[in-house]
Amino acid sequence: MKTVVLVTDIAFWLNNFGSHMRIQGLVRHLSQNHDVCVFFLKSIPADAQEGLTAIGLRNVRMVSYKDYSGRRLNFKRDIGQIDFFKGRAPDDFVSSLMAFLQSNPVDMVIFEYIRLAYMLDGCPKGLPVVLDMHDVMSARTISLRRAGLKASIEMTAATEKVLLSRFDRVLAISRADVAHLDDMIGLSNVVYVPHSVRQVYRHECRGDGKRLVFVGANTAPNVEGLRWFFDQVWPLLQPEGFTLDVVGNVCDAFRDPPPGVIRHGQQDDLQKYLDAADISINPVFVGGGLKIKCIDSLAAGLPCITTVEGAAGLEGAMGRGLFVANSRLQFAGAIRHLARHPAERRLVATLAPHFIDSEFTDRTAYRHFSQYFDSCFAQLSKVPA
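Structure follows, in structure tokens:
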């Protein structure tokens, strides 16, 4: 059994974002056979352990950086000197991680998001370091800027290449991201690790086809996509008796939605909304990575109507539950077609979960990472305390 430390400032047990679900899946997979410790770059909330228990991560240990804060250990500032990290690389975070690693035997460190790459300055040589990247941030930056939006993490491809090359392995969420990093940036340390789902089941097709669902966080791509849907598509559907359940804190951006749209806000149990729906939508036109809401819908046996951007990395699901529409008429037409043909929705309820089971369960999603993990420790032993 190995000891893996995951470094993050994300309260991933809250289920607020698709990224939370991805981190949960990775931690759950690792904790099945290894000791997992979360090195948290904030104070640990009082309800954190309760939250971890609720998502089946009872045995995961959490340590706050504050337990090692203020020691001011000397370290060589290397990555932290890169322009991207000016004003974004607190010495105390690096020093506290360094102190923790000196005091605890650790076999691997995994960082969540590239914005923490400067903390590599606190890791000893020889300790395997891995980045769970979620998105190719330089590509996401360009995608959002073209739409007049700002990404939460903005960087150039040149900077991203420098940072990614410092990790022993980089976990990419889609095959398209792997190809981009290999072909466009020239990196060879990238491993394909998609989102994983815990439950795959056949959705019972009971409704009249007119109940839609959208699940999403309050991010710019979701807000802009849903606003487009309200402006362009919803006026064509609402008079015909369609309803739309909007779930997640994307509701915060729509205090007064159009008639027929029901705001549910942030919910711990998304499954009941997927169970109640006939069709899932994901009208997203910018972003990057893999659209987790599409995967969750397909895992529930729901047909999912999205865009070319939303389908990126899920091309194998086309014809098995994923439908692509890029205009108001295409979107409305696809929704109407599925509503009028329950037999097609029943077919999706069978085909979509089969696709997810072949690509996005624990058994398949972590296959390449597990191979790296095993080979990594065929020759390496624990870093001494």
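Residue numbers for the sequence shown follow my numbering, beginning at 1244 and rising by one. Glycine residues also receive a C-beta, built at the ideal position from the N, C-alpha and C atoms.
Relative to V1279, the option among M1351, S1339, F1328 and F1255 whose CA is nearest is M1351. If you look at N1465, you'll find it in the alpha helix (DSSP H) that goes A1463 to W1471.
When DSSP states are grouped into helix, strand and coil, Y1516 belongs to the helix group. Distance from the CA of F1318 to the CA of C1366, rounded to the nearest whole angstrom, comes to 9 Å.
For S1613, the uninterrupted alpha helix (DSSP H) segment begins and ends at R1610 to C1619.
Excluding the 5 residues flanking it on each side, V1303 has same chain C-beta neighbours closer than 7 Å at V1270, S1274, V1279, V1281 and L1295, in chain order.
The beta carbon of E1397 sits closer than 7 Å to the beta carbons of T1384 from its chain, once the five residues preceding and following it are set aside; these are given in chain order.
Under the three-pair Cβ rule at 8 Å, the region 1572-1583 does not count as touching the region 1431-1442. Going by DSSP, A1415 is part of the beta strand (DSSP E) stretching over R1412 to A1415. Secondary structure remark: continuous alpha helix (DSSP H) runs of at least 4 residues inside the region 1316-1395, in chain order: 1334-1346 and 1380-1389.
Note on geometry: alpha-carbon atoms of G1484 and V1372 lie some 53 Å from one another. S1339 places its beta carbon less than 8 Å from that of Y1308. With a cutoff of 8 Å on beta-carbon distance, T1399 and S1417 are scored as not near each other. Excluding the 5 residues flanking it on each side, L1359 has same chain C-beta neighbours closer than 7 Å at V1250, in chain order. Between S1540 and L1557, the C-beta spacing is not below 8 Å.
Of the residues assessed, P1596 falls on the buried side of the cut-off, its CB having 16 or more other CB atoms within 10 angstroms. Between the C-alpha atoms of V1567 and W1471 there is a straight-line separation of about 16 Å. In terms of Cα proximity to A1520, the closest of C1448, I1535, G1459 and V1476 is C1448.
The straight-line gap separating the alpha-carbon atoms of M1341 and M1305 is approximately 16 Å.
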